[in-house]
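Visitor: For the sequence shown, my numbering begins at 8 and goes up steadily by one. Here a beta-carbon is modelled for each residue, glycine too, at the ideal position from N, C-alpha and C.
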Amino acid sequence: MDNTALRYIGLRELTEAGVKESMGNGNFYITLGPRLQMQIEQNGRSHHLGQELQTGAARLHVRLESILQEKLRNFGFKG
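(1) To the nearest angstrom, report how far apart G33 and Q46 are at their CA atoms.
(2) Take the Cβ of S29 as the centre, count every other Cβ of all protein chains shown within 10 Å, and call the residue buried at 16 or more, exposed below.
(3) State the Cα-Cα distance for the pair A64 and L43, rounded to the nearest angstrom.
(4) Leaving out five residues before and five after L13 in sequence, what residues of the same chain have Cβ atoms less than 6 Å from its Cβ?
(5) Considering only C-alpha positions, which residue in the set L56, I74, Y15, T62 is nearest to H68?
(6) Look at the alpha carbon of S53 and the alpha carbon of E59, and state the distance between them as a whole number of angstroms.
(7) Judging by CA-CA distance, which residue of Y15, E72, N50 is the nearest neighbour of Y36?
If you want it as structure tokens, here you go:
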């Protein structure tokens, strides 16, 4: 069975330094399933994975996007 995991990295710029910065800040996730778009709004600012928040009220926006990869069907993923 072929194990295909996808890593999504939030990048400011598509460079080696940009990848290292995002990974170091925790702005990434790994999945075998759908793509996750997540954004948190707090005090008039938008925050993404890996960013620090303050305690208090916030609004969370989540969007799941189907990914279609033949290899993922081995895991029962229907996309």
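Guide: With the given structure in hand:
(1) Counting from 1 along the sequence shown, the entry for residue 33 is found at position 26. Counting from 1 along the sequence shown, the entry for residue 46 is found at position 39. Approximately 14 Å, taken between the alpha carbons.
(2) Counting from 1 along the sequence shown, the entry for residue 29 is found at position 22. Buried, by the Cβ-count rule.
(3) For the purposes of this step, residue 64 is taken as residue 57 along the sequence shown, with counting starting at 1. For the purposes of this step, residue 43 is taken as residue 36 along the sequence shown, with counting starting at 1. Approximately 22 Å, taken between the alpha carbons.
(4) As a first step, residue 13 must be located in the sequence shown, where it is residue number 6. Within the same chain, L13 has close Cβ partners T38.
(5) Here residue 68 refers to the residue found at position 61 of the sequence shown. Closest option to H68, Cα to Cα, is L56.
(6) Here the question's residue 53 lines up with position 46 in the sequence shown. Here the question's residue 59 lines up with position 52 in the sequence shown. Their Cα atoms are separated by approximately 11 Å.
(7) Taking the sequence shown and counting its residues from 1, one reaches residue 36 at position 29. Cα-wise, what sits closest to Y36 is Y15.
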